[in-house]
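Some notes on the structure that comes next.
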Amino acid sequence: MYSNIILSRRWPQFTCICRSLTTVEGQKLPQSSKSTDGISPPPRIHRNPTDILQALSATVGRDPTAAHFKYHDDPYLIPLSNFRKRSYALSAEAGRKAAAWVRDEHAVWFTTREWDPPSKIKTPYFNADPRIDAYAPKPIYNDESKVTEEDLKYTISNALLEDSIKVFQLLGGTDTINDDLKLNFLQLLCFCNEKEPDSLEWLEENWFSANTRERQLTTWKVGGLADKIFASLEPKTPEAYCALILGMAKHYQAERAYALTQEAIEKGIPLSTNVFNALLGCVGFMKEGTALRTEELKKLLSQMAQLDLTPNDKTLSACLRSVSAWGSGKMLQQFALQIVTEFRNLGIEPGLAAYYHLLCLFCKERGPRVDILSDILNNLEKREKLIPKEPTDTNFFITAMGVCNDHLQNYKMAERLHALLMKGDNYKLVGDAYKESIYYRHLVTVACRHAPFEKTTEILDTLVPNVYVPEPSVMEEIIKTLEIAGAGERLAQAWSQLVVFGVAKRVKLVERLLNAMCSCYDHQSDEVKANMRTAACDILKYGQRTQEDGGPIATDTLRTPMPKLSANAVTNVLQLCSDVKDNAAPEWEVVFEGLQKLRKSEAAGVPSNPQTLANVAQKATAAGKLGVAAAAVQYLAENGFEEAIAASVETLAAMLNRPREDIEAMLQQKTADLDQSLHPSAFAVVEAYNLAKTGVGSSNMEASNNSTSSESDSDTTSDDE
Amino acid sequence: MNVILQYYRSLGTARTLNLRIWRLNSTSADVATTTKGDEEEEFRVLDILKSRQRTKKKVTRRNDVQPDRADRMSIDQKWGNVWPGPKTFHPSSVPLPLRQGYVPKGHVPPGKKANAELMKIPNFLHLTPPVVKAQCEALKQFCTEWPSLLNSEEAIENHYPVETITSDYCHAGPTIRNPLARIATLRVKLSTLNLNKHAQDKFIRLVGERYDEETDLVTITADRCPLRQQNLDYVNYLLTACYHESWNVEDWEHDKTEEDMEYYDWDKNASKKSLVQWHLRATNMPNDLSDMDYVEYDISKIPNGEEYKNAVSSLMNNGESEETLKNYGAAVRKLLGLPEAKI
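In the order they appear, the protein sequences are chains A and B.
For the first sequence, the numbering used here begins at 1 and goes up steadily by one.
For the second sequence, the numbering used here begins at 1 and goes up steadily by one.
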């Protein structure tokens, strides 16, 4: 009965089986090494289990329109801002973590078949075949666990540090465990410094984790478990010495490491190259002053030679790491070059980490320009494959790109470097999300500043937004480049990009964009102009974006209210939007709205170029939008701009279609008489004229202000009809 | 009543429930009096279809949704990068103006967005010719040269007469095992086996329906063992055993008489004897033949004898039918020198 249910549940699984392959095997093949007779098949070419998959995946390149494959390929689910990228990926991982928690916490549900008949109940059972250890529940150790040495072996081999300490204590500490196991445990403790290492299982967390800069601090736990275990080991093997010295040196307990090394050498215990590599890395902790440190480094190297230890590439990068950490200066640079030459003579080529340290040493931001990067690239481009060897290797590309951008300011070099990163599967050397974004920040900046415009757009099209979302500073750089190149269409698009990237609330950026749009508006084609106007309208409306049933939400109720645009920015919008001849164009509404904003001082500051507003008034009059024109002139007059008088006269002249002299004569009359004879909008202009002329408006300034605004409001609507 | 109860439970709060039910059960006059008192509570009509309640759902629109990425694709892109593996159709990443589905009169077929018909059918967008070509190029490094002498189907059949067929299965599930993968099939052409007439006859009897006369193929399938290799071994064993058994001649096989024959052998039958006798009489030759001589008599000496033999054999082996009878009649007329039958 039960098994029936199970079967029917699993039925879809069986039905989705596809008959993937039908092999037609020949008879038993003759075991000749060659197909000399032309009949028997030649011997099989050896391949690893994943070789075919890798060959097939190498045929697939990058698609610039698609997001990373960890995201869903759907317009609603493709993340376009850095925040969304991070939160989507981490949410997915949080789900995986929750599943893993349930699996570990309730391991019984996954390893037994509770639905079996009572006699067989709780028989261990794994539905996965072959069993995949990574998917199997992980054992949980607590004070009640019954543990054996097998458990200790398991925890050590899987680098479960806290669990292994627990098991170690449960097993009875140092006395009951054999020496081999103790040595393994000591090595684990020394490597991790009694701190649970970051799990490698959670890729996204590691990728997005806040950049924990490696600090050179003495973190070694003196008198900890590692020291105790080392003390209990008898006799002390060379491996034990090496492990402890390596642990101390790795966690910058330099003096004790040195002392232990001397002790080992005196006792005649052989040490490994790695021990000296680690010691070379913390020379700076031992001695003060460049000269003493250099001497100490040389002494250590000669000690290695005495002990017949062959240096390897890690020795080189450890030396350079020390040297680059001591500061800069001609002497150190010379010394570093000496070291590199010395190692070249030994047949050891510097790796990526060594190059990283060299770049740090030579290319200081304020120092003289040193072009060692081109040599490095020449060398690296010759290599067939870049093999990561040290964690520091991932710093190379970001630093090198930084050098291209800040130090060399050379786009050619940046292009070469980027090509190197994209070659083969070198991309894994980019590090984590933080490093990747800095890398691209440098690349895009250098492309904007120093590359020809076509190259820049090409780079932007391939990278933004799926690979890299520009930060506000980079966005500004991009806008600057677009402005210089006069790419109006792209500037219009840039606004929607600002919205999508979640930086549309940065007023500085928006103002920069509006400036750029204004400055290159004139030489665009009509279609592009229309696009730019739409973008400008959208910028002004953005703060009052309607949500739900069309009711505008007050800006104050938003969690982060849209900051005020400056008056300059609003003026820019007005300038762009007023460039329409059509009376019924929707742009006029926006213009009117913008003017209201200015008048209600919803924009910060005053416009620096009031002539623009005068132009707006004229254009509005020309298009027959008298209310808009009146509002513009009124604003000028209220703020006491000198242009107000000239603008009001011009506007009136255009409105009433009379020569200027007539208008000036008319304006000398009493305002009260004009009230009856003039169009309300024209009268508003007259009032503005008086205000500008006398400095004081009519007695009921506020009231008239309100009335004119309402009048002009009705006026606009009538104009629209 | 039940319906009303459920309806109200879903609608009203528990507090008003009692009152409402009572009101529904009461007469209309009662209702009028009660509703007059409190105006804010108007009489609620039982709306079974809930046509009134269908309010417009609020649609919240995100303003940062990008347009389909299909719109941004360049015309010279590599399609293999966009659609690298098999997956369900997705409208926003396929830059094709596809339409599919039921067409109401006067309409066009539904477009690609939210189109279940397009999602249901398997697509081969991941296997466009350039992709297939690129993948073949990538796999060439694992391929060895084809043996030069195996250049035709006949040559392959000649050198590798035995075929074994097994199937591999690909799952999405915790286990990669499939019970169907254990089944092994072996195929061999009977003519390629080294058998004489007796052995072949015995072999065919042994394998029974596993032999297909039309294609001359013997197909042996085994699925009784749990593993594929065991089944392969088993089919090989079956073939070997049948082959050697068919060469054995048991003592009792000599006792086989004409009645035991599984088919009509004209040479051993009375028909031939009569024909030979008739022929000898007709040509005035002495008749001193023994039984063995009759069997081995060369029929080609008799004009039209071969045809008669075939006609009789087919009549006896294939049974009486219009065809065989007609053939027989024609053969007899020819043999006897009679004119052909007029229809």
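Note that beta-carbon positions come from the ideal geometry of N, C-alpha and C, so glycine has one too.
Nothing here was measured: the structure is a model prediction, and the numbers come from that model.
Sorted by chain position, which residues of the same chain lie with C-beta nearer than 6 Å to residue i's C-beta, five sequence neighbours on each side aside?
i	result
Glu390 (chain A)	Ala353
Glu163 (chain B)	Arg187
Cys319 (chain A)	Leu280 and Ile339
Using CA atoms only, rank isn't needed, just tell me which of the options is closest to residue i.
i	options	result
Val82 (chain B)	A:Thr59, A:Ala100 and A:Asp104	A:Thr59
Ile220 (chain B)	B:Leu186, B:Ile204, B:Arg44 and B:Leu232	B:Leu186
Ala536 (chain A)	A:Val590, A:Tyr635, A:Val370 and A:Gly402	A:Val590
Ile121 (chain B)	B:Gln100, B:Glu145, B:Val132 and B:Tyr169	B:Gln100
Glu633 (chain A)	A:Ile245, A:Leu595 and A:Gln669	Per the sequence shown, residue 633 (chain A) should be read as Val rather than Glu. For the residues A:Ile245, A:Leu595 and A:Gln669, the minimum Cα distance to Val633 (chain A) belongs to A:Leu595.
Pro161 (chain B)	B:Arg224, B:Asn194 and B:Leu125	B:Asn194
Glu664 (chain A)	A:His679, A:Ser232 and A:Ile645	A:Ile645
Ala622 (chain A)	A:Lys581, A:Ala604, A:Tyr440 and A:Met331	A:Lys581
Leu678 (chain A)	A:Tyr141, A:Leu652 and A:Ala530	A:Leu652
Thr215 (chain B)	B:Phe203, B:Leu190, B:Cys225 and B:Asp265	B:Leu190
Val235 (chain B)	B:Ile165, B:Ala330, B:Gly319 and B:Val94	B:Ile165
Leu513 (chain A)	A:Leu307, A:Lys541, A:Ile478 and A:Pro79	A:Ile478
Asn515 (chain A)	A:Pro472, A:Val573, A:Pro610 and A:Ser496	A:Val573
Ala138 (chain B)	A:Ser81, A:Cys192, A:Ala128 and A:Ser57	A:Ser57
Val276 (chain B)	B:His254, B:Ile299 and B:Trp266	B:Ile299
Lys268 (chain B)	B:Val295, B:Ala341, B:Pro104 and B:Leu336	B:Val295
Trp247 (chain B)	B:Met261, B:Ile204, B:Arg210 and B:Ala270	B:Ile204
Phe396 (chain A)	A:Tyr411, A:Asp406 and A:Leu373	A:Leu373
Run down chain A in chain order and give the residues with a C-beta less than 7 Å from the C-beta of residue i.
i	result
Asn81 (chain B)	Val60, Gly61, Arg62 and Asp63
Arg177 (chain B)	Asp129
Gln135 (chain B)	Leu56 and Thr59
Val65 (chain B)	Pro75 and Tyr76
Starting from residue i, trace the alpha helix (DSSP H) both ways and give me its first and last residue.
i	result
Ser313 (chain B)	Gly305 to Asn318
Ile478 (chain A)	Pro472 to Ala485
Ala155 (chain B)	Glu153 to His159
Arg344 (chain A)	Lys330 to Asn345
Lys298 (chain A)	Thr290 to Gln306
Glu642 (chain A)	From DSSP, Glu642 (chain A) is part of no alpha helix (DSSP H); its letter is neither H nor E.
His418 (chain A)	Tyr411 to Met422
Phe142 (chain B)	Run containing Phe142 (chain B): none; DSSP gives neither H nor E here.
Trp79 (chain B)	Trp79 to Val82
Cys319 (chain A)	Asp313 to Ala325
Val108 (chain A)	Ala107 to Thr111
Over the uninterrupted beta strand (DSSP E) stretch that includes residue i, give me the two end residues.
i	result
Tyr169 (chain B)	Glu163 to Cys170
Leu376 (chain B)	Since the displayed chain B opens at 1 and closes at 343, residue 376 (chain B) lies outside it and no answer follows.
Ala222 (chain B)	Leu217 to Ala222
So which residues on chain B does residue i lean against when the C-beta distance must stay under 9 Å?
i	result
Gly624 (chain A)	Chain B residues near Gly624 (chain A): none, gap ~33 Å exceeds 9 Å.
Val474 (chain A)	Neighbours of Val474 (chain A) on chain B: none; closest Cβ ~19 Å, over 9 Å.
Ala66 (chain A)	Arg69, Asn81, Val82 and Ser93
Name the chain A residues whose beta carbon is nearer than 9 Å to that of residue i?
i	result
Pro174 (chain B)	Phe126, Asn127, Ala128, Asp129, Ile132 and Tyr135
Would you mind telling me which residues of chain B sit closer than 7 Å to residue i, beta carbon to beta carbon, in chain order?
i	result
Arg47 (chain A)	Phe142
Ile459 (chain A)	What Ile459 (chain A) touches in chain B: nothing, since even the nearest Cβ is about 15 Å away.
Excluding the 5 residues preceding and the 5 following residue i in the sequence, name in chain order all residues of the same chain whose CB lies nearer than 8 Å to its CB.
i	result
Leu181 (chain A)	Glu149, Leu152, Lys153 and Ile156
Ala603 (chain A)	Lys564, Leu565, Ser566, Ala567, Ala569, Val570 and Lys597
Ile459 (chain A)	Leu443, Val444, Ala447 and Ala451
Lys529 (chain A)	Gly488, Tyr521 and Asp579
Which residues in the same chain as residue i place their Cβ atom closer than 7 Å to its Cβ, once the five residues preceding and following it in sequence are excluded?
i	result
Cys577 (chain A)	Arg533, Ala536, Cys537, Glu587, Val590 and Val591
Leu667 (chain A)	Val686 and Tyr689
Met316 (chain B)	Tyr264
Tyr71 (chain A)	Leu77, Ile78, Pro79 and Tyr88
Cys190 (chain A)	Ala226, Ala243, Leu244, Leu246 and Gly247
Taking residue i as the query, report the chain A residues whose CB atoms sit under 8 Å from its CB, ordered along the chain.
i	result
Ala138 (chain B)	Ala55, Leu56, Ala58 and Thr59
Along chain B, which residues have their Cβ under 8 Å away from the Cβ of residue i?
i	result
Tyr635 (chain A)	Residues of chain B passing the Cβ test: none, with the nearest at roughly 30 Å.
Residue i touches chain E at which residues, Cβ-Cβ below 8 Å?
i	result
His159 (chain B)	Absent from the structure: chain E. Protein chains present are A and B.
Residues within the stretch 69-95 of chain B neighbouring chain A, beta-carbon criterion of under 7 Å: Using a CB distance below 7 Å, the part of the stretch 69-95 of chain B facing chain A consists of Arg69, Arg72, Met73, Lys78, Gly80, Asn81, Val82, Pro84, His90, Ser92 and Ser93, ordered along the chain.
Positions along the stretch 402-436 of chain A whose CB lies within less than 7 Å of some CB in chain B: From the stretch 402-436 of chain A, no residue has a Cβ closer than 7 Å to chain B.
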